[in-house]
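A.B. asks:
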Amino acid sequence: MKRKIIFPIILLVFLGTGCEDFLDNPPRGYLTTGSFPTTKEDARLATNGVYNTMRIWNFHAGGFPILDIMSDEARKGSNPGDGTFLKAYNNFTFGPTEGSFNRWWSTLYQGIRRAHIVMEGIPSIDMDKNLKTRYMAETRFLRALFYARLVRAFGDVPKVTSTDPPTSLPRAPKEEIYEEIIIPDLEFAIENLPLRSEYSSADLGRATKGAAKGILAKVYLFRGNMEKAKQYALEVINSGQYSLNPEFSDIFNEDHPFGPGSLLEIGAVPESDYFRGGNQYANTWGVRGEPNLGWGFGRPSYDLIEDFGDDPRMDKTILFLGETIEGITIQGDANTPDTTYSDENPDEILEVECYNQKTFTPGDEPRYTWGVNRKILRYADVLLMAAEALNETGESGQALEYLNMVRERARGDNPDVLPDITTTNQEELRDIIIEERHRELALEAHRYWDLVRTGKAAEVLGPYGFEEGKHELLPIPQNAIDMSEGLIEQNPNY
Amino acid sequence: MKHKIPNLIRAGIVPLLLLMSVSLMAQQRTISGTVSDAQTGETLPGANIVVKGTQTGTISGADGGFTLEIGEDAETLVVSFIGYQKKEVNIGDRTTFDIALKRKAESLEEVVVIGYGTVKKSDLTGSVSSVKGEELTKISSSSPLDAMQGKMAGAQISSSSGEPGANPIVRVRGVGTLNNANPIYVVDGVIVDDISFLSSNDIESVELLKDASATAIYGSRGANGVFIITTKSGGDGMEPSISFKTEFGTQDLRNRIDLLNGEEFARALNDISPGTINNIDAVDSYDWQDAIFQENPMMQSYDLSVSGGNDKMNYYLGTGVYDREGIIPKSQYRRYNLKLNTKYKARDYLTFGANISGAYTNDENAPNVVGSAYRAWPIDTPYNADGSFAEVRGNGNPLAAIEYTNSTTKSYRLVGNIFTEIKFLKNLRFKSSYQFDLRHSKNRSFSPEYFVSPTQQNSRNSLSINFTEDRRWIWENTINYDLDVENHTINAVAGFTAQEQFYESPNITMYRLVRENPLFWHFSASLTDTVDVSSGLGDAYKNTMLSALFRTNYSYKDKYLATVSFRADGSSKFAKEDRYGYFPSFALGWNASNEPFFPDWKAVNHFKIRGSWGIIGNEKINWYDRFSLIGSNYGAVFGQPETIQPGATFFSAGNNDLLWENTKQTNIGIEFGLYDDKLTGGVDYYRKQTEDILVMLDVPGYFGFGSFQRVRFNAASVLNSGLEFNFSFQDQIGNVKYGINASGSTVHNEVTALGANTPTDSVIFGGNLSNGDRITATRVGEPIGYFYGYEIEGVFQNESELEQYPHLSNQDVGDFIYRDQNGDGEITPDGDRTKIGSPIPDFTFGMGFNVSYKNISLSMDFQGQVGNEIYNAKNQTRFGIYNFEQRVLDRWTSEGTSDYEPELDGKAGNYEQSEYFVEDGSYLRLRSAVLSYTFPERWMKKAGFSSANIYIRGTNLFTLTDYSGYSPDLGGSPLSSGIDSGIYPITSVYTMGINLKL
């Protein structure tokens, strides 16, 4: 046993002669979490890092447009042999093991961690106080956005408020998340964020007071608090910061980023690489085949086409085969049937090959589609939220004003369509507004939640397989349940 | 050097000289004779026969015979041969001599190389498997490890990819960790983590250290076993010996996966969605496996070595070329290697030496299109009418993937040591050795602009170059103490070592080269000034380690043996307070057959019992595992016009509390030799308990590390126990010599604990498939990384069965009935998935037979394993409609048609992870068969060679297995083993070769 003692002693002598340093090898080329953010520049980098979350492919409902496919606006898309696992979203047969949920869930929490890095790091940085407060407000705005998406999709979720959460965390009631995180964060953001017009042109696209109010209006709308929804929506409208872009299709044009009606959109540049500013969101939807712009997932449904009727927005929302746009003729995919008929009834059209025009970019290289700015909150959405809240609070007259603003823009120079709505019957108007949202915001991932929150989902989506009491929430990712060893429980009926 | 005339020249000149000498020196006379092995009677070609005290001498020929002119005054012949005891023979008046040499180390006296020294085999207390270098040249492979498959009890070696130059996966005594389970290799004292730079021809012997007594001297790196490789050296007083070997041949792939042909596939499509193919007779039928595998890829190798020495110095110089094409076009591996071992005895007390290996490899990597050929629709053909590549549904056009992938890795590696040894005082030796392992490699990949289909295209050509620099050095200073007095023998060694590794691997991509031909595959050809520096984890790091070591072997009367060893390691991979690990071991041995009271059984020549206990470690984790890193490549886009503004944020999570992983191993073994050592063998029982296993774990998504990010924890304990045996029998009947050997190991692998302080303490999931499923689970009481999924009870035959049994929401009549394990009336992933197989074999074995008659010999080596399962992941992971395996021909189409093969409906319900995808992985493989002919000596003498033989050889001639894929021989990391996601198939190799010795 003596030897056992002697050798560590010899080793210590050896090490004692300055060799201890020999074993210290800090990381090369990387900062570590303890050493960042510590400077003024770090504060900006870390805040930008929170925005960066929104360009991660998985941020968009796990990557594939499952929310649109689950609604009546889109089908799986692509060609029949590709991505067949997404068929489960056509008919509500998905289960908790399908990877989209885990990717989405993890990525939203990833953004939340990034926010906490800023919130924990920058208070002690010696820098301009106003800028510091703005970064804090931008960050808290984004954290609220991420949490709002989590609770809307999954209901109760683990409540994480620091970069060092406990290793076993159950789901917290979604009310608690709203009351303690989402609403306070948005209120802080409203208090401290600049107006859109107060940003320099180089910083356009950062979170604004208007965006925070708009998101908060939406949060209240989803919670059925129509007074508050109305209040915040009207504050946005009355701020004078936003207007409807006169031309509907300009909203989605890559040449018009952060346009007059943009409250929140995800900036991206046409680089087929996330690190260099690309966003694969539109590539996932892009025209498959000729021109070759992407994978073609999320095909506009035949129901959507029918719902549009003579609405001029159809032509600006859906790219049909043979359509020529900016000098490019859409020919589509050779392996996708141009028209798909029902097995039972050969005359019944199930799908026609067509694509989402809202994500279209001219050119014939898929990388251009990586430059599409995904719209999170548009002024038209705020107007329709205001209309809806006003209608619900008995001010249908004023509701019509905002509703008809949206219809007027949609009408363009064709006076024969989309006449002004005049009814003040609350129930009638309620339906009209939801259907207006359907056509105005088609393929922008609003429809599914609009149907769920208004209780229309069973009626509209029932034929596709929507089950009441189950599909109002998505399943908690199986992964999260497995790892919690049962502490995290599944949503009902999954 | 005693012989100044090379053999080749002598062939012509010697007769002439003889004539001259006869006429000039009439007092000389001629003697002749043969040299043979005293035990076997085998003749010994190449033995030295010298007249004592003169320069006169010769070498025995291929039949062991010699003739020699000697002077009248010659009194004594000194006969020597490597590996044999030197013998002096009185000449007297005799003119013919039959000289029988005794083996220097009659197996028991054999010296075994162990860490930091050698030990007489009879004194060995640890568990060590050995294989001789010549055994390693018995198969056609670039890797000596391939050749060890089935030859070393305790080692499971899987050649998991048939890609030329691929490194096999090696596991010693089971999988003791969920972390990196690779052993280490010590080549002439240099510690390295792989031996791809070595040619089998340069290897003298390999010892595998298995138990703690043998491996604890390597401390923190010993837990997964240690291969000690000794390369060839020149002997003292040896005539330069030149050896040349060449081998060439071809390969083929003996089996195919049974997939649907065009017509069968069209019918399947119509089952999935009726009416897809209207005219089934008109569809194409294309065999994608035939398309991607080329005919007769060649292999060739050349090895040339020269060795020699005298009492002051010796040398070995070996050089070789190995060149092999892969079965997939555009894959080829070429290695040019050089080995130089020299040793100089400058003074009686002072020795210098160097052992240096250099290798240059040129490795062309084809894309792995095995998976896409498996998935490709057989009704699609590869080319359009205009000759361009056509869209192929499934997973893209495999031929286009081959065409448009251009990836070559060129690597340089220099491994070696320089050392000096000083004898001082009495019995003490000081040795200082500086070891180095320097690697530089460069991968150049070029992708032209092309369009095959929306999912298979490249809109602008691109060139990527990845540089990797990996520099390692170790400085070892040791003192040896050897004492041999009367009945006591002591060998002790103590020392310090310091080591450092520096690694950097930048990767650069540029786009839009002005031309696409290979002359322009350089950055200066890029039309853009944008350099894409993709951030990769771990692009630069430095690891360091300091160690102290000690060992003593004690033997009393060659009967009672004891070994004590200890090592302390400090590593920079752990935080300051957890930096040091201590690794002791103790062993005892008893040579029972040396006892006077041991019965004088004629049959038993020796019998030894030994036992050991010790602790060994595993530090094979990444430098960054303890650090949480910030990435600086996370910008956001703002502004009119839009520009990207830089951003930085959390990148990867570390764990600063990591501790050493350690393994306590107990070993008990016996060794015996029977019937004059015609039958030798040994049996070992071992028990390895590994604790604080360092493992990467998924963490809950709410930690916010992002999808698929994992963190390392000390999270588990694993027990491995088993029996190992090896037997060898050699005998001769008349002119027929024959031998049989066998070795085998059993492994019982069981997880004994999953640690606290981790996100999950009851289960670890692993084996991530490309669809996000995790197919392996690791739980207490089960083997590491077992497959888990649904069990299948049958197929729903009708609506009433569907109502009767629980099922998933996307399941219907014709789909699998999954077993409701927990009986809750529902099929749920967490409640009903269960163990459906294990990738860990119960038994791995090797067997060899050899027989020779006069000049002809035949040897065959078999190898295999029993009791493991394979998960056919390539069949399960389907993102779209892919081709199907032929088993679907038996599919359910209507009630009563099948109760084991479900319908094809294009839904995911039957593609949940289930036992449907689990197959038996047992196999028996004829690893090698060699038929060799040794040319008669008289012919060779005329040609000037001392010996020559020619052989034909088949490697991997056949494999008996039920597995449906190309090869059941799959490795993998511990949590992700035995999963076939489309491996590069292993080929059968047919070669012929020539060995010439001069």
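These protein sequence lines are chains A and B, in that order.
Mind the numbering: the first sequence is residues 1 to 494 in the working numbering, read in order.
Mind the numbering: the second sequence is residues 1001 to 1998 in the working numbering, read in order.
For each residue, glycine too, the CB sits at the ideal point set by N, CA and C.
Quick check for students: name the residue ranges of the beta strand (DSSP E) that lie wholly in the region 1836-1878 of chain B, counting only runs of 3 or more.
C.D. replies: 1843-1853, 1856-1866, 1869-1871
A.B. asks: How far does the beta strand (DSSP E) with residue 1926 of chain B in it reach, from first residue to last?
C.D. replies: 1923-1934
A.B. asks: On the three-state DSSP scale, how would you describe residue 1708 of chain B?
C.D. replies: coil
A.B. asks: Which residue spans inside the region 377-450 of chain A form an unbroken alpha helix (DSSP H) run of at least 4?
C.D. replies: 379-392, 396-411, 426-440
A.B. asks: Relative to chain A, which residues along the region 1447-1460 of chain B have a C-beta separation below 9 angstroms, given in chain order?
C.D. replies: Hits within the stretch, in order: 1451, 1453, 1454, 1455, 1457, 1459, 1460.
A.B. asks: Can you find a C-beta in chain B that's less than 8 angstroms from the C-beta of residue 24 of chain A?
C.D. replies: Answer yes: the Cβ-Cβ gap between residue 24 of chain A and chain B drops below 8 angstroms somewhere.
A.B. asks: Which stretch, first to last residue, makes up the beta strand (DSSP E) that contains residue 1447 of chain B?
C.D. replies: 1428-1447
A.B. asks: Skipping 5 residues on each side, what residues in its chain have a beta carbon closer than 6 angstroms to that of residue 1312 of chain B?
C.D. replies: If we look at residue 1312 of chain B and ignore the five residues flanking it on each side, its Cβ neighbours are 1345.
A.B. asks: With distances taken from CA atoms, which of A/192, A/312, A/405, A/135 is nearest residue 416 of chain A?
C.D. replies: Looking only at A/192, A/312, A/405, A/135, the smallest Cα-Cα distance to residue 416 of chain A is reached by A/312.
A.B. asks: Give me whichever residues DSSP pairs with residue 1834 of chain B in a beta bridge.
C.D. replies: Paired residues: B/1789.
A.B. asks: Under the rule that 16 or more other beta-carbon atoms within 10 Å means buried, what is residue 1991 of chain B, buried or exposed?
C.D. replies: Here residue 1991 of chain B is buried. Its C-beta has 16 or more other C-beta atoms within 10 Å.
A.B. asks: What residue does the alpha helix (DSSP H) around residue 1803 of chain B start on, and which one ends it?
C.D. replies: From DSSP, the alpha helix (DSSP H) with residue 1803 of chain B extends over 1799-1804.
A.B. asks: With a threshold of 8 angstroms between beta carbons, is residue 1553 of chain B in contact with chain A?
C.D. replies: By this cut-off, residue 1553 of chain B is not an interface position.
A.B. asks: Taking Cβ to Cβ, would you say residue 389 of chain A is nearer than 8 angstroms to residue 229 of chain A?
C.D. replies: The beta carbons of residue 389 of chain A and residue 229 of chain A sit closer together than 8 angstroms.
A.B. asks: Between the region 154-180 of chain A and chain B, which residues of the former have a C-beta closer than 7 angstroms to a C-beta of the latter?
C.D. replies: 158, 160, 165, 167, 169
A.B. asks: How should residue 444 of chain A be labelled, buried or exposed, when 16 other C-beta atoms within 10 angstroms of its C-beta is the threshold for buried?
C.D. replies: Under this definition residue 444 of chain A is a buried residue.
A.B. asks: Does residue 479 of chain A pass the burial test, meaning 16 or more other C-beta atoms within 10 Å, or should it be called exposed?
C.D. replies: buried
A.B. asks: For my contact list, residue 269 of chain A and residue 1637 of chain B are in at a C-beta cut-off of 8 angstroms; report their separation, rounded to the angstrom.
C.D. replies: 6 angstroms
A.B. asks: Jot down the residue ranges of each uninterrupted beta strand (DSSP E) in the region 1576-1662 of chain B, minimum 3 residues, whole runs only, in chain order.
C.D. replies: The region 1576-1662 of chain B is shown to contain whole beta strand (DSSP E) runs of 3 or more residues at 1580-1591, 1604-1618, 1629-1631, 1636-1638, 1643-1645, 1649-1652, in chain order.
A.B. asks: For the alpha helix (DSSP H) holding residue 495 of chain A, just list the boundary residues, first then last.
C.D. replies: Examination of residue 495 of chain A is not possible in this model, given that chain A is present from 1 through 494 alone.
A.B. asks: DSSP three-state call for residue 2002 of chain B: helix, strand or coil?
C.D. replies: For residue 2002 of chain B there is no data in the structure shown, the boundaries of chain B being 1001 and 1998.
A.B. asks: Do the CB positions of residue 237 of chain A and residue 386 of chain A come within less than 8 angstroms of each other?
C.D. replies: Contact: yes.
A.B. asks: Can you give the Cα-Cα distance for residue 301 of chain A and residue 32 of chain A, rounded to whole angstroms?
C.D. replies: 48 angstroms
A.B. asks: Would you list, in chain order, the members of the region 1370-1402 of chain B that have their beta-carbon closer than 8 angstroms to a beta-carbon of chain A?
C.D. replies: Taking 8 angstroms as the Cβ-Cβ cut-off against chain A, the residues of the region 1370-1402 of chain B that qualify are 1377, 1391, 1393, 1394.
A.B. asks: How would you write the range of the beta strand (DSSP E) that residue 93 of chain A sits in, first residue to last?
C.D. replies: Per DSSP, residue 93 of chain A belongs to no beta strand (DSSP E) and is neither H nor E.
A.B. asks: Confirm, please, whether the CB-CB distance from residue 1686 of chain B to residue 1666 of chain B is below 8 angstroms.
C.D. replies: yes
A.B. asks: Across which residues does DSSP place residue 1359 of chain B in a beta bridge pair?
C.D. replies: Note: residue 1359 of chain B sits in a beta bridge opposite B/1337, B/1413.
A.B. asks: Since residue 1473 of chain B sits in a beta bridge, which residues does DSSP pair it with?
C.D. replies: The partner list for residue 1473 of chain B (beta bridge, DSSP) reads B/1436, B/1500.
A.B. asks: Quick one: residues in its chain with C-beta nearer than 7 angstroms to the C-beta of residue 176 of chain A, no 5 flanking neighbours on either side, listed in chain order?
C.D. replies: 159
A.B. asks: Would residue 1946 of chain B count as contacting chain A if we go by Cβ distances under 8 angstroms?
C.D. replies: Not an interface residue.
A.B. asks: Looking at the C-beta of residue 151 of chain A, does it have a partner C-beta in chain B at a distance below 8 angstroms?
C.D. replies: no
A.B. asks: My parser needs the beta strand (DSSP E) runs of 3 or more residues fully inside the region 233-298 of chain A; what are they?
C.D. replies: 262-266
A.B. asks: Give me the residue from B/1062, B/1343, B/1336, B/1430 with the minimum Cα distance to residue 1937 of chain B.
C.D. replies: Among B/1062, B/1343, B/1336, B/1430, the Cα nearest to that of residue 1937 of chain B is on B/1062.
A.B. asks: In angstroms with no decimal places, state the Cα-to-Cα distance between residue 448 of chain A and residue 457 of chain A.
C.D. replies: As the crow flies, the alpha-carbon of residue 448 of chain A is around 8 angstroms from that of residue 457 of chain A.
A.B. asks: Since residue 257 of chain A contacts residue 1661 of chain B with CB under 8 angstroms, what's their CB separation in whole angstroms?
C.D. replies: So it is not a contact: roughly 52 angstroms between Cβ atoms.
A.B. asks: Which one or two residues does DSSP pair with residue 1420 of chain B in a beta bridge?
C.D. replies: B/1352, B/1432
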